[in-house]
Amino acid sequence: VRCVQGLQLWRNSSTEINDELYKGYRKGNAERKINEIVAAYDFMNSNENLLNVTIWYNSTYKNDTGNQPLALTRVPRSVNLASNAYLQLLLGPTAKMLFEFVKEMPKPETTLRLDFSSLLGPLFFTWVIIQLFPVVLTSLVYEKQHRLRIMMKMHGLGDGPYWMISYAYFLAISSVYMLCFVIFGSAIGLKFFTLNDYSIQFVFYFLYINLQISLAFLVADLFSNVKTATVVGYMMVFGTGLLGGFLFQFFLQDSSFPNLVQMILLSLVTIFGYCRSRIIAMELYPGFSLYRGLYEFSQYSFNGNYMGTDGMRWKDLNDSDNGMREVFIIIAVEWLVVLGVAYYADQVVSSGRSPLFFLRRHQKSFSSSFRKPSLRRQGSKVFVQMEKLDVQQEGECFGMLGPNGAGKTSFINMMIGLTKPSSGTAYVQGLDIRTDMDRIYTSMGVCPQHDLLWETLTGKEHLLFYGRLKNLKGASLTQAVEESLKSVNLFHGGVADKQAGKYSGGMKRRLSVAISLIGDPKVVYMDEPSTGLDPASRNMLWNVVKRAKQNRAIILTTHSMEEAEHLCDRLGIFVDGSLQCVGNPKEIRGSYVFTMTTSQNHEDEVENLVGQLTPNATKIYQISGTQKFELPKHEIRIADVFEAVENAKSRFTVQAWGLADTTLEDVFIKVARGAQVFSALS
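Residue 238 in full-length UniProt numbering is what sits at position 238 of the sequence shown, and the numbering runs on without skipping anything.
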């Protein structure tokens, strides 16, 4: 034993030797230190006439290769050390003989070539390619958060065309991005690109960017905030790269390396029945399938550069150690599956359809009127109810008045498809808002309460886009856009070509009104259209609405009594979610307010005077001799009122009197108070 070259460490049993040899590799001991021992010897009963030796070595070492070909464990060296030790025991310390050795095959002289793109490519190129994922994700969530998609849908863009256009747009951007990625890498001479077959690279990148876009559509259904989606997206980018480089790559290089993940995947190993199943299971995560493909490219390009040969070719996909064929299959199948699941989730989560929407039969309605026989929405505070009411026909503007929280906006949201009624329904040109909104959208215009605009598009680009959704083309589209911009005073001075994000609040409001009217929709909903406008712009907008209602039905909500009287042919007053009264402004204001102030001892005489004018007069106010009465307009003449007052002056002292037309604001306050009192008593 003393003749063996090396540091002599004595152990008491073979169990201790096995344990120390194994734990001294890859920091397997409690101290987390690498104390690798080449070999251990037990000369057993050896003597001068007999050599009987047992040699231990760590056989797991041969599987740890890094990025190099499989290493050959130097077992013969350990055998030679034991043999020479025995010779030195017999012949003296100078005796030495080489009994066994391993010699490399002869080969031409080679020069070491290092290509860092092949060594580091899988990690860094994974990050480069997945950078597109948060870009697509945030773009989709932005349209969702700002309700731009529902705005497009309300102007006639169906789900199918939206998906096709968006998918084609992201695919075009991703394709250009990957093309530049490959061209740039090839131009600077990276072997990762130049040695591997470009057709294999094209198929791999094309399949993956399609899977990545589909995955972004699916994940977008889980978010409603752009910032949250951005953070999660970039966490996936860097997390995928790090896990691929420092975890997944160990599975590719060292199938015997034990860890927790292998234990978790043990059930999958049993199902698949062979050692590569755990790698395939991990490749079901799209980021790892990308990493595996890049890893295969890097291995073939590194070996090709080292040996002076080509990288990966199509015939190499049949190699037993080549996982590219599996990657192709996994990505292609996942692309189709994820795309289908994403579309289904979008219909159920974002569009609010039933999970079994694809089983619903298409129903037709043959009614042609615009009516709301019953509409109801019950929420925490909002309750909207309309019973047996024909609202309007083309050429009419219907105004909705009511205090804040009365249900006006909730009613509009139900009519435009943002909120589903809990019971009841409404019909637009014979189409049911519960089942036929996709068809209603094609003939509908909307000016929402809050401006839904793309900050980076100009006012003209907005109208061009929505005009195309209304099937306007060519010269008719250009003319309609110019007329719309001129009508809302956004055409001159370069305002039309300014980004909407740089518009003032009033300019954005005028643009929203122009969007709602372009394309000649048959019904237009305007939720407080003049909010934030100066008097001049407001009057201009009113003229636009009055001209627009000639061949379409318009429903608007407003808090401005002046706007309601100026624009609306009929009005409805909402209080606490219920429609209290309906009529044209003149009918609603169908009374005079008669006021007279006398001494308190003549109050009865004033009441008799009013009773003689009309028996249907109503006292609405009385304090310290001052009394107010409502007089129906159709029952009195103004001349009779003047004559009665003159006669009264001869009998008692009249300190003051007046006759005024009832304002819409008076009616609104009266109806609101009456409804609230009734609600309180109920």
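Note that beta-carbon positions come from the ideal geometry of N, C-alpha and C, so glycine has one too.
These figures come from a predicted structure and were not determined experimentally.
Cα-Cα separation between residue 685 and G625, rounded to whole angstroms: As displayed, the chain neither begins before 1 nor continues past 682, which places residue 685 out of reach and without an answer.
As assigned by DSSP and simplified to three states, the class of W163: Three-state result, W163: helix.
Buried or exposed by the 16-neighbour rule on C-beta atoms within 10 Å, applied to G379: Reliability fails at G379, whose pLDDT of 45 lies under 50, so the model's placement of it is uncertain and the value that follows must be treated cautiously. With fewer than 16 neighbouring CB atoms inside 10 Å of its own CB, G379 falls in the exposed class.
Three-state class that DSSP yields for A39 in the structure shown: Looking at A39 - three-state DSSP - the assignment turns out to be coil, as it is neither helix nor strand.
Bounding residues of the alpha helix (DSSP H) (the contiguous stretch that carries L556): Per DSSP, L556 is not a residue of any alpha helix (DSSP H); the beta strand (DSSP E) it occupies stretches across 553–557.
N47 in three-state terms, based on DSSP: Reduced to three states, the DSSP call for N47 is strand.
CA-to-CA distance, A617 to Q347, given in whole angstroms: C-alpha separation (whole angstroms): 58 angstroms.
Proximity to F133 [Cα-Cα], best of G577, L171, N322, I200: Ranking G577, L171, N322, I200 by Cα distance to F133 puts L171 first.
Minimum C-alpha distance to G245 - residue among T558, F124, T442, D319: Nearest of T558, F124, T442, D319 to G245, Cα basis: F124.
Simplified DSSP assignment, three categories, for A660: The answer is strand: DSSP assigns A660 an E or B state.
Nonlocal neighbours in the same chain, by C-beta distance under 6 angstroms from I554, ignoring five residues either side: Excluding residues within five positions, the ones whose Cβ falls inside 6 angstroms are C397, V524.
Alpha-carbon to alpha-carbon, D666 and K470: Near 42 angstroms, if we compare the C-alpha coordinates of D666 and K470.
Those residues which DSSP pairs with K473 across a bridge: Answer is none; K473 lacks a bridge partner.
The segment 279–296 touching the segment 158–178, judged by at least three CB pairs closer than 8 angstroms: Proximity of the segment 279–296 to the segment 158–178 falls short of the contact definition, fewer than three beta-carbon pairs being nearer than 8 angstroms.
For W314 and residue 690, the rounded distance between their alpha carbons: For residue 690 there is no data in the structure shown, the boundaries of the chain being 1 and 682.
6 angstroms Cβ shell around P258 - same chain, five flanking residues per side excluded: Confidence at P258 is low in this model, with a pLDDT of 44, below 50, so its placement is unreliable and no value can be given for it.
Chain-order list of residues whose beta-carbon lies under 8 angstroms from that of W335 (same chain, five-residue window excluded): L207, N210, L211, S214, listed in sequence order.
Exposure of G577, with buried meaning 16 or more beta-carbon neighbours within 10 Å: Taking all protein chains shown into account, G577 has 16 or more neighbouring C-beta atoms within 10 Å of its C-beta and is therefore buried.
Secondary structure of A426, DSSP reduced to three states: Correct three-state label for A426: strand.
Three-way DSSP call (helix, strand, coil) for M312 in this model: In the displayed model, M312 falls within coil according to three-state DSSP, outside both helix and strand.
P632 - partner residues in DSSP beta bridges: P632 pairs with S591.
Cβ contact (3+ pairs, closer than 8 angstroms) linking the segment 525–535 and the segment 485–497: The segment 525–535 is not in contact with the segment 485–497.
Closer than 8 angstroms: E605 CB and nearest the ligand SAH heavy atom: Among the components of this structure there are no ligands whatsoever, and the ligand SAH is therefore not found.
Contact between the segment 469–484 and the segment 549–568 (3+ Cβ pairs under 8 angstroms): Judged by Cβ distances under 8 angstroms, the segment 469–484 makes no contact with the segment 549–568, as fewer than three pairs qualify.
Per-residue burial, M596 [other beta carbons within 10 Å of its own, 16 or more giving buried]: Burial check for M596: the Cβ neighbour count within 10 Å reaches 16 or more, so the residue is buried.
Member of V226, R637, F652, I129 whose CA lies at the smallest distance from the CA of V176: Measuring from the Cα of V176, the nearest candidate turns out to be I129.
Unbroken alpha helix (DSSP H) run spanning W335, endpoints: For W335, the enclosing alpha helix (DSSP H) has its first and last residue at 324–345.
For W542, the first and last residue of its enclosing beta strand (DSSP E): Careful: W542 lies outside any beta strand (DSSP E), inside the alpha helix (DSSP H) at 535–548.
Helix, strand or coil at V145 according to DSSP, with G and I counted as helix: Strictly speaking, residue 145 in this sequence is Gln, with Val absent from that position. Look at Q145 here: in three-state DSSP terms it is helix.
Span of the alpha helix (DSSP H) around R509: 505–517 is the extent of the alpha helix (DSSP H) around R509.
Bridge partners - D432, DSSP secondary structure assignment: When beta bridges are read from the DSSP output, D432 appears opposite Y427.
Rounded C-alpha distance that separates D432 from G399: Distance between the alpha carbons of D432 and G399 is about 22 angstroms.
Rounded separation between N305 and Y57 - CA only: Rounded to whole angstroms, N305 to Y57 spans 34 angstroms at the Cα level.
Extent of the continuous alpha helix (DSSP H) run through S13: Per DSSP, S13 belongs to no alpha helix (DSSP H) and is neither H nor E.
Alpha carbon of N12 to alpha carbon of L252, nearest angstrom: If I take the Cα positions, the gap works out to 38 angstroms.
Residues sharing a beta bridge with V523, DSSP: BP columns for V523 point to M444, A553.
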